[in-house]
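*Asks:* The numbering of the sequence shown is this note's numbering, which starts it at 11 and goes up by one. Virtual Cβ for every residue (Gly too), placed ideally from N, Cα, C. Here it is, the structure, as structure tokens.
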Amino acid sequence: MLNPISLENQNYPTQKPEELIERVLNATTNKNDLVLDFFAGSGTTCAVAEKLGRKWITCDIGKYSFYTIQKRLLTIQESKSLENPKQKYGKLAKTFVTVNTGIYDLKKMQELNQDKYIEFVLQLFEVTPKKQTKKGFAFHGERKDGYPVIVWDYWNNKESNLDIFFLENLHQTLGKSVSKRVYIIAPANAVDFISDFHELDDVRYYFLKIPYQIIKELHPKDFAKIRQPKSKNKVNDLDNAIGFHFSLQPEVEATFENNKLVIKKFISNFREEETNKYLENFESLSMVVIDNNYNEKDGFIMSDCIFSEDIESVQSTLHIPLQNTGDNICVIFIDIYGNEFKQVIKTK
Ligand SMILES: C[S@@+](CC[C@H](N)C(=O)[O-])C[C@H]1O[C@@H](n2cnc3c(N)ncnc32)[C@H](O)[C@@H]1O
Numbered sequence: 011m012l013n014p015i016s017l018e019n020q021n022y023p024t025q026k027p028e029e030l031i032e033r034v035l036n037a038t039t040n041k042n043d044l045v046l047d048f049f050a051g052s053g054t055t056c057a058v059a060e061k062l063g064r065k066w067i068t069c070d071i072g073k074y075s076f077y078t079i080q081k082r083l084l085t086i087q088e089s090k091s092l093e094n095p096k097q098k099y100g101k102l103a104k105t106f107v108t109v110n111t112g113i114y115d116l117k118k119m120q121e122l123n124q125d126k127y128i129e130f131v132l133q134l135f136e137v138t139p140k141k142q143t144k145k146g147f148a149f150h151g152e153r154k155d156g157y158p159v160i161v162w163d164y165w166n167n168k169e170s171n172l173d174i175f176f177l178e179n180l181h182q183t184l185g186k187s188v189s190k191r192v193y194i195i196a197p198a199n200a201v202d203f204i205s206d207f208h209e210l211d212d213v214r215y216y217f218l219k220i221p222y223q224i225i226k227e228l229h230p231k232d233f234a235k236i237r238q239p240k241s242k243n244k245v246n247d248l249d250n251a252i253g254f255h256f257s258l259q260p261e262v263e264a265t266f267e268n269n270k271l272v273i274k275k276f277i278s279n280f281r282e283e284e285t286n287k288y289l290e291n292f293e294s295l296s297m298v299v300i301d302n303n304y305n306e307k308d309g310f311i312m313s314d315c316i317f318s319e320d321i322e323s324v325q326s327t328l329h330i331p332l333q334n335t336g337d338n339i340c341v342i343f344i345d346i347y348g349n350e351f352k353q354v355i356k357t358k
């Protein structure tokens, strides 16, 4: 027999029962109406709206909430039916999209002329401008770690994406000798890779993706950063945060060894807002979200979310034991300001 409670439980603090939201929606809406919940949490409202044949829009400021809802909807067929809680709902969710706020500002950015755009994105990722040509290929600058940076010329690539063909072409030109690491800055929607880097012949090509968030530099007002929690019982402490900020990918080194995810390095590329200091290794880690049986076709479905306070530290590395892993895991490392680094890791 199904256990309706465990089928419903998303392990999200403050999660409301589906039965309660079902009552509210039945009392106030009809089929095909549009239901909006600004404070989604675990996504009870949209899950129930989906099951009752309502359209829905939902949002939340927290990353844990985002991945919980994505999973809840992508696996809604496995959750309990509202009519008969002893049975599974059994239907897939209708197609939905996930978006970051501020998508409209990408247009503004694209209207910048080429030089202004390059200047702007170099600043954004803290790159020192330094024009140079390596093996006939134009580079635009250098990051703090000394590795070179290319600004992908999307203005000449309106019809194509930064995909494996582009990378293989680039790699054929540069070869192994130019640098062990190359950064490529490109609009997030133009990057075809789910991972934040792709390796060819021991050279790592990192993608610095420009998100569709409100762009501080293009905005007259300074925003406060939104802090992500380091422990699960703080997931609702986000309510006072307002504003937006730019995504600055953290530096991560992680491997999968003996059924464990071993994190050797997690450094964020920003100063802490209150202290204006750079944070030490692991200090800025908020949580690690994992799909332990990742495949590209199904997309990312969270199986574990481990908050940094619950991660075991072993001889200056962090260890996360994982069970029932498939051939690949996809790991999203998230810092306290919500910046993400995504990596697909082979387990065998
Ligand atoms: C009480 S929980 C909602 C629980 C939800 N009803 C459920 O069943 O899971 C409130 C949610 O509001 C989110 N939140 C707080 N301030 C926010 C803001 N300014 N914008 C969007 N979401 C916010 C929090 O991250 C939290 O997930």
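1. With distances taken from CA atoms, which of V354, S326, V272 and V201 is nearest N305?
2. What are the start and end residues of the alpha helix (DSSP H) that includes E178?
3. Tell me the rounded alpha-carbon separation between E319 and D211.
4. Assign F351 to one of two classes, buried (16 or more other C-beta atoms within 10 Å of its C-beta) or exposed (fewer than that).
5. Verify the contact flag: T108, CB atom, against every heavy atom of ligand 1, threshold strictly below 8 Å.
6. Any chance the region 328-337 sits against the region 97-109, with 3 or more Cβ pairs inside 8 Å?
7. Would you tell me roughly how many angstroms separate the C-alpha atoms of E136 and N349, rounded to the nearest one?
8. Does DSSP put N40 in a helix, in a strand, or in coil?
9. Roughly how many angstroms lie between the CA atoms of Q182 and L172, to the nearest whole one?
10. For F254, which of helix, strand or coil comes out of DSSP?
11. Using DSSP with H/G/I as helix, E/B as strand and the rest coil, what is C340?
12. Within its chain, find whatever has a CB closer than 8 Å to the CB of L184; leave out the 5 residues flanking it on each side and keep chain order.
13. Quick check: the Cα distance between Q87 and Y99, rounded to an integer number of angstroms?
14. Can you grab the Cα-Cα spacing for the pair T85 / F266, in whole Å?
15. Taking the alpha-carbon positions, what's the H150 to Q25 distance?
16. Express the C-alpha separation of D314 and N334 in angstroms, rounding to a whole number.
17. Closer than 8 Å to a non-hydrogen atom of ligand 1 - does that hold for the CB of K90?
18. Whole alpha helix (DSSP H) runs in the region 67-139 with 4 or more residues, listed along the chain?
19. Measure the C-alpha to C-alpha separation of K51 and N123 and round it to an integer number of angstroms.
20. What does N305 pair with, by DSSP beta-bridge criteria?
21. Give the C-beta separation of K140 and E129 to the nearest angstrom, bearing in mind that I take them to be a contact with Cβ-Cβ under 8 Å.
22. Per DSSP, which one or two residues make a beta bridge with F207?
23. Could you pull the start and end residues of the beta strand (DSSP E) that A264 belongs to?
24. Which residue comes first and which comes last in the alpha helix (DSSP H) that contains V58?
25. Just the Cα atoms here: how many angstroms apart are P95 and A264?
26. Opposite E322 in the DSSP bridges: which residues?
27. Quick one: residues in its chain with C-beta nearer than 8 Å to the C-beta of W66, no 5 flanking neighbours on either side, listed in chain order?
28. Report whether the distance from the Cβ of K26 to the nearest heavy atom of ligand 1 is below 8 Å.
29. Does the distance between the C-beta of Y22 and the nearest non-hydrogen atom of ligand 1 fall short of 8 Å?
30. Where does the unbroken beta strand (DSSP E) through K274 begin, and where does it stop?
*Replies:* Based on what the coordinates show:
1. Looking at the Cα atoms, V354 is the closest of the given residues.
2. Where E178 is concerned, the enclosing alpha helix (DSSP H) stretches over I174 to L184.
3. The alpha-carbon atoms of E319 and D211 are separated by roughly 36 Å.
4. Buried: at least 16 other Cβ atoms inside 10 Å.
5. For T108, the Cβ stays outside the 8 Å cut-off from all heavy atoms of ligand 1.
6. In short, these stretches do not touch, since the Cβ pair count stays below three.
7. Distance between the alpha carbons of E136 and N349: 15 Å.
8. Reduced to three states, the DSSP call for N40 is coil.
9. Rounded to whole angstroms, Q182 to L172 spans 15 Å at the Cα level.
10. Only weak support exists for where F254 lies, its pLDDT of 41 falling under 50; the value from the coordinates is given anyway. Reduced to three states, the DSSP call for F254 is coil.
11. The answer is strand: DSSP assigns C340 an E or B state.
12. Closer than 8 Å at Cβ, skipping near neighbours: K144, K145, F147, V192 and V213.
13. The straight-line gap from Cα to Cα measures roughly 5 Å.
14. Within the model, the alpha-carbon separation for T85 versus F266 is close to 26 Å.
15. Computed Cα separation, rounded: 48 Å.
16. N334 and D314 have their C-alpha atoms some 12 Å from each other.
17. Answer for K90: no, Cβ out of range of ligand 1.
18. Complete alpha helix (DSSP H) runs here, min 4: 73-84, 115-120 and 124-134.
19. Here residue 51 turns out to be Gly, not Lys, going by the sequence shown. Between G51 and N123, the alpha-carbon positions lie close to 40 Å from each other.
20. Partner(s): G309.
21. Not really, about 13 Å apart at Cβ, beyond 8 Å.
22. Y216.
23. A264 -> beta strand (DSSP E) spans E261 to E267.
24. If you look at V58, you'll find it in the alpha helix (DSSP H) that goes T54 to K61.
25. For P95 and A264, the distance between alpha carbons rounds to 41 Å.
26. In the DSSP output, where bridge partners are listed per residue, E322 has H329.
27. L44, V45, L46, D47, T55, C56, A59 and E60, listed in sequence order.
28. Checking the Cβ of K26 against ligand 1 gives yes.
29. In this structure, the C-beta of Y22 approaches ligand 1 to less than 8 Å from one of its heavy atoms.
30. Residues K270 to I277.
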